[in-house]
Structures are given as C-alpha cells and as structure tokens.
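*Asks:* Residue 149 in this note's numbering sits at position 149 of the sequence shown, and the numbers go up by one each step.
Positions of the beta carbon are idealized from the N, C-alpha and C atoms, including for glycine.
Keep in mind that this is a model prediction, so the values were computed, not measured.
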Amino acid sequence: MVNWIISPIDSIERSPSSLRKDPFNSGNPELDRYLKQYAIKNDRNGVSRTFVAVLSEESQKIAGYYSCCTGGLSFEDLPADLQESLPRYPTPIILIGKLAVDRSVQGRGLGKRLLFHALENAVNVSQTVGVYAVRVDAIDEAAKTFYENSGFREMPELPLSLLLRLQTFKRALDS
C-alpha cells in the first residue's frame, strides 16, 4: 500500500509554482484543466481549497487532488427523509467540487484516500462551524458509482449530485 502525502496546494514546504501540474492526466480534460489553470488562483482568492497528493516529500509530481469549499443546500433540494429533522432554511455543507487521480496511479486507492482526507477535513471544520453534510457533483456515472460505494446517496432532483451526512461519516469513524 502506498503512503501518499496529501497537503494543501500552497503548502509551506514547497512553492505551488514548483509543483508539476503539466503531466497530470486524469483522463478527464475538465478535471485536468481545473488543476492546471484554476486551483492555485481559486485557493489564493479564498474561493476553494485544493489539496494535492504526491508520492514523497521530494516528489513534485501531482498524483491526485481534490478541491472543496463551503456551501448551502436549499431545504427543497434535500431528500424528503432528511427534511423532517431540519429547519426550512439553507443547510450548511462542504462541497467537494473536484477530485481526480492521475491515470498512472488509478486503481491504487488514491481516490478513496483523497475522499477520506476531504471527509476528515469536513469533520474538523464542523468542530468550529455547522456542517450538516458533504456534497459532491459527480462528473459522470463512473464517478457517481465511486461516491455511492463510499456511502453517498443521490439527491432526488439532481441525479449526479450526491450527499453524505457528516454524522454518518462520524459514526463510521467511531466503529
């Protein structure tokens, strides 16, 4: 099992400009373009935070990444069974906007490791501010299946949007 090093894209240990983003190829041009053109800019502007995975401290080649931000879900977008216990105003969430793994390391567990890291960060944020759930917008059906296998559930009116209650993840951590 590979012990990936996951850190913020603007980590103090290295300059973001020294990261090797150009060879990154997830097989999805939209996800690749985000990393290469927008991740650092959005991070610096406080729009989102991007975390990158490398193989070692010395490696500057990005093997995978995810990007996340805060958001809210309207009451109407929540599944009916969740609406019963929540107020009728927007529900606070963390949105995993992008998550991708380079083709050269796909199938080695890095996607799951990045997702787990994002969920751990969401739990940490929830210690300071309210966070009810984590939402992902899957880029395609294969990504949707990946998230469903990790406990996320489809949102009724948004078939590629999935939700995981943070309480569900916390319970899984405790068991």
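(1) Could I get the ranges of all uninterrupted beta strand (DSSP E) runs contained in the stretch 43-90, with 3 residues as the minimum, in chain order?
(2) Using 10 angstroms around the beta-carbon of Leu-158, count the other beta-carbons present and answer buried if the total reaches 16, otherwise exposed.
(3) Is the distance from the Cβ of Leu-166 to the Cβ of Ser-126 below 8 Å?
(4) Starting from Glu-120 and walking both ways along the alpha helix (DSSP H), at which residues does that stretch end?
(5) Any contact between the stretch 48-61 and the stretch 76-94? By contact I mean 3 or more CB pairs, one from each, below 8 Å.
(6) State the Cα-Cα distance for the pair Val-136 and Ala-122, rounded to the nearest angstrom.
(7) Check each candidate in Tyr-147, Lys-170 and Arg-113 and name the one with the smallest Cα separation from Asn-3.
(8) Let me check understanding here. Comparing Cα to Cα, which of Asp-10, Ser-150, Tyr-65 and Glu-58 lies closest to Leu-31?
(9) If you draw a straight line from the alpha carbon of Thr-70 to that of Ile-6, how long is it in whole angstroms?
(10) Count the other CB atoms, across all protein chains shown, that sit within 10 Å of the CB of Gly-111; report buried if there are 16 or more and exposed otherwise.
(11) Going by beta carbon distance, what residues of the same chain come within less than 7 Å of Phe-152, once the five residues before and after it are set aside?
(12) Could you say which of Leu-82, Ser-56 and Lys-21 lies nearest to Ile-62 if we only look at CA atoms?
(13) Quick check on the burial criterion: 16 or more other C-beta atoms within 10 angstroms. Buried or exposed for Ala-142?
(14) May I ask you to report which of helix, strand or coil DSSP gives Phe-138?
(15) Is the beta carbon of Ala-100 closer than 8 Å to that of Leu-35?
(16) Given a threshold of 16 other Cβ atoms within 10 Å of its Cβ, counted over all protein chains shown, does Ile-12 qualify as buried or as exposed?
(17) Just to confirm my understanding: we take Glu-154, look at its own chain, exclude 5 residues before and 5 after, and list those with CB closer than 6 Å. What are they?
*Replies:* This is what the structure gives:
(1) Taking only runs of at least 3 residues, the beta strand (DSSP E) segments lying wholly in the stretch 43-90 are 49-54 and 64-73.
(2) exposed
(3) yes
(4) 110-126
(5) no
(6) 13 Å
(7) Arg-113
(8) Tyr-65
(9) 20 Å
(10) It counts as buried.
(11) Val-136, Leu-162, Leu-163 and Leu-164
(12) Lys-21
(13) Ala-142 is exposed by the Cβ-count criterion.
(14) Sequence inspection shows Ala at residue 138; the Phe mentioned does not correspond to that position. Three-state result, Ala-138: coil.
(15) yes
(16) At Ile-12, the pLDDT of 45 sits below 50, so the modelled position is not reliable; the number obtained from the coordinates is stated separately. Ile-12 should be labelled exposed.
(17) Excluding positions up to five away in sequence, the list reads Leu-162.
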